[in-house]
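Heads up, the sequence shown is in the working numbering, so the first residue is 310 and it goes up one at a time.
Just below is one structure, and these are the notes that go with it.
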Amino acid sequence: MSEISFLDSVNRNFDRAASFTKIPKGILEMIKACNAVYEIQFPVRIGSEVHVIKAFRAQHSHHRLPTKGGIRYSKMVNKDEVEALAALMTYKCAIVDVPFGGAKGGVAINPWQYTEEQLEKITRRYTTELIRKNFIGPGIDVPAPDYGTGSREMAWILDTYVTFKGGEIDAAGCVTGKPVSQNGISGRTEATGRGVFYGLRELCETPDAMAKVGLTTGLKNKKVVIQGLGNVGQHTGLIMQKEGGIKVIGVAEYEGSIYKEDGIDIESLIEFRKSNNNSILGFPGSTTLSDRMAALELECDILIPAALENQITIDNAHKLKCKIIGEAANGPITAESEEILASKGILVVPDMYLNAGGVTVSYFEWLKNLSHMRFGRMEKRFDSNAYQRLVATVEDLSGKKISDTERAVLTHGADEVDLVRSGLEETMVNSFQQIWKVYSTRPEVQTLRNAAFIVALEKISNDYANLGIFP
Ligand code: GLU
């Protein structure tokens with residue numbers, strides 16, 4: 310495989326889409342450029358050795374502040390990768406109307422090689438470096454989880470930040486994806502997966518889209534293959550199975566891939582993997598495929614790459630037998646292989662829209678932190694009381710009583726998690742409609758990725774105009 314780099318791939322997609330807009334060249338150049346990258350190497354004592362650790366934070370666009378994006382722990386982290394991912398964050402935030410610029414951080418370590426204590430040390434040191442350079446803060450740059458990190462790391466980041474910035478009233482908003490007990494928000498962990506579900510549900514409920522790929526409308530019983538059982542892959546599978554009625558026929562993970570015609574129950578597979586030395590191989594009733602990439606080539610309706618970038622390349626794109634690809638991961642398809650997919654009539658739902666559920670709920674978490682109050686606290690009881698009065702009136706008028714279970718459902722006032730899910734669903738549905746409108750009314754645009762880019766670029770260029778930078 311001799312393909313261009315991840316960043317070049319993102320920029321090539323950008324150029325392709327930009328050619329369909331009337332945005333002046335200067336503004337496009339300004340949007341495309343990465344504003345700032347902090348690259349650092351710091352020593353951390355691990356046992357009797359000193360490890361010199363390389364880390365980055367890229368802030369792609371300052372057109373809106375704070376900048377926002379996850380922190381990745383992976384051996385593959387490099388400057389090109391964080392810049393590409395930060396750029397994707399800018400476009401993603403614009404598409405879902407989250408008022409942030411894009412950023413991304415990375416620490417070039419294999420997190421599974423370190424103990425919890427060592428990871429804490431590395432995370433705290435990295436955070437200290439960010440504080441020192443003014444690369445973190447609720448109004449500056451707000452990290453979040455990404456590949457290899459989770460709520461635990463976010464709690465360490467917050468604690469380090471608070472230690473240095475005691476007395477900053479909005480300090481809790483310096484990072485999102487925190488544990489709910491430590492200023493986090495309910496529903497953040499599942500948010501990216503839930504967003505993927507809402508996005509694919511919208512697509513499958515669009516008759517023109519389904520006619521294009523020769524499928525019936527609705528998610529129910531669609532055959533799905535998932536690559537990656539990390540946070541995003543797990544929740545995507547669980548929610549799509551439970552709420553969408555899909556059938557997962559194949560799963561790919563690091564150790565290999567499996568196939569099961571009558572469907573893999575994701576919950577059981579997750580349990581099985583835990584008890585099976587972290588391996589999905591040998592899951593009851595499944596067939597083990599030749600290697601970990603083989604599941605991607607299974608005949609299915611929807612393929613969901615939920616792992617890392619550059620998984621679908623010019624080497625395997627022509628072998629795919631799916632109708633739709635839902636990019637739950639960032640950058641799983643290289644720019645060069647996308648042409649092959651288009652010629653095969655595969656509809657690609659792009660990352661910058663489909664996996665935006667994570668940052669959307671991060672935005673809600675940040676708002677919660679700035680408001681210093683949990684969502685639903687003011688209205689929950691008021692709403693519930695109003696529904697109870699309504700039910701009582703209907704019962705009086707009809708002379709009939711409803712069951713306690715029905716009453717509980719009808720008179721429920723929204724909890725934080727209900728509001729988070731409602732806000733996320735609204736966001737994903739709304740953004741889908743914006744993208745679909747461009748795609749369906751401008752045939753020359755050809756792909757949903759181009760359409761998504763166009764939506765993003767128009768909003769960002771408007772922001773620049775509003776800032777008075779350009780007419
Ligand atoms: N890492 C996630 C992403 O790639 C979430 C970013 C965030 O919540 O800021 O979108």
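Ideal Cβ positions, reconstructed from N, Cα and C, are used throughout, including at glycine.
In this text the structure is predicted, and so the values were computed from the model without any measurement.
{"query": "Give the DSSP-derived three-state secondary structure of GLU608 in the structure shown.", "result": "strand"}
{"query": "Quick check: is any heavy atom of the ligand GLU less than 7 Å from the C-beta of ALA453?", "result": "yes"}
{"query": "At which residues does the beta strand (DSSP E) containing HIS360 begin and terminate?", "result": "358 to 368"}
{"query": "Quick one: residues in its chain with C-beta nearer than 6 Å to the C-beta of GLN427, no 5 flanking neighbours on either side, listed in chain order?", "result": "ILE355"}
{"query": "Which stretch, first to last residue, makes up the alpha helix (DSSP H) that contains ALA500?", "result": "500 to 513"}
{"query": "Using three-state DSSP, classify THR750 as helix, strand or coil.", "result": "helix"}
{"query": "At a cut of 8 Å, does the stretch 461 to 472 reach the stretch 639 to 655 through at least three beta carbon pairs?", "result": "no"}
{"query": "At a threshold of 7 Å, does VAL668 count as lining the ligand GTP (C-beta to nearest heavy atom)?", "result": "Looking at this structure, you won't find the ligand GTP anywhere; what it does contain is the ligand GLU."}
{"query": "Is it the case that the Cβ atoms of SER566 and GLY559 are separated by a distance below 8 Å?", "result": "yes"}
{"query": "Taking only three categories from DSSP, how would you classify GLU312?", "result": "coil"}
{"query": "Could you tell me whether the Cβ atoms of GLU606 and LYS630 are closer together than 8 Å?", "result": "yes"}
{"query": "Is the stretch 762 to 779 close to the stretch 395 to 415, with three or more CB pairs under 8 Å?", "result": "yes"}
{"query": "For the stretch 576 to 592 against the stretch 632 to 640, are there 3 or more C-beta pairs whose distance is under 8 Å?", "result": "no"}
{"query": "Quick check on DSSP: helix, strand or coil for ALA412?", "result": "strand"}
{"query": "Taking only three categories from DSSP, how would you classify PHE592?", "result": "coil"}
{"query": "At a cut-off of 7 Å, is SER671 close to the ligand GLU when judged by its beta-carbon and the heavy atoms of the ligand?", "result": "yes"}
{"query": "Hey, VAL729 and PHE691: beta-carbon distance below 8 Å or not?", "result": "no"}
{"query": "So what does PHE351 bridge to, in DSSP terms?", "result": "ILE362"}
{"query": "For THR501 versus VAL451, is the C-beta distance shorter than 8 Å?", "result": "no"}
{"query": "Just verifying my parser: in three-state terms, what is the DSSP assignment at SER577?", "result": "helix"}
{"query": "Mind the definition here: the stretch 655 to 669 touches the stretch 736 to 743 only if three or more C-beta pairs lie below 8 Å; say whether that holds.", "result": "yes"}
{"query": "Could you check where the beta strand (DSSP E) with TYR382 kicks off and where it finishes?", "result": "376 to 382"}
{"query": "Is it buried or exposed for LYS532, if we count other Cβ within 10 angstroms and need 16 for buried?", "result": "buried"}
{"query": "Which word fits GLU552, buried or exposed, when buried means at least 16 other C-beta atoms lie within 10 angstroms of its C-beta?", "result": "exposed"}
{"query": "Tell me the residue span of the alpha helix (DSSP H) that contains GLY667.", "result": "666 to 680"}
{"query": "Have a look at ALA638, ILE611, LEU538 and flag the residue whose alpha-carbon is nearest the alpha-carbon of GLN620.", "result": "ALA638"}
{"query": "Does the stretch 433 to 447 come into contact with the stretch 388 to 403, if we say contact requires no fewer than three beta-carbon pairs (one atom in each stretch) closer than 8 Å?", "result": "no"}
{"query": "Is DSSP giving GLY565 helix, strand or coil here?", "result": "strand"}
{"query": "In three-state terms, what does DSSP make of VAL405?", "result": "coil"}
{"query": "Does the distance from the CB of GLY411 to the CB of LYS377 come in under 8 Å?", "result": "yes"}
{"query": "Excluding five sequence neighbours on each side, which residues of the same chain lie with their C-beta closer than 6 Å to the C-beta of TYR400?", "result": "MET661, ALA765"}
{"query": "So, is LEU776 buried or exposed, given that buried needs 16 or more other C-beta atoms within 10 angstroms?", "result": "exposed"}
{"query": "Return the chain-ordered list of same chain residues with a C-beta closer than 7 Å to the C-beta of MET519, the five sequence neighbours on each side being excluded.", "result": "CYS513, THR525, THR526"}
{"query": "Verify whether the separation of the beta carbon atoms of GLU499 and ILE548 is less than 8 Å.", "result": "yes"}
{"query": "Taking its Cβ as the centre, do 16 or more other Cβ atoms sit within 10 Å of ARG698, making it buried, or is it exposed?", "result": "exposed"}
{"query": "Using the Cβ count rule (16 or more neighbours within 10 Å means buried), how would you classify SER370?", "result": "buried"}
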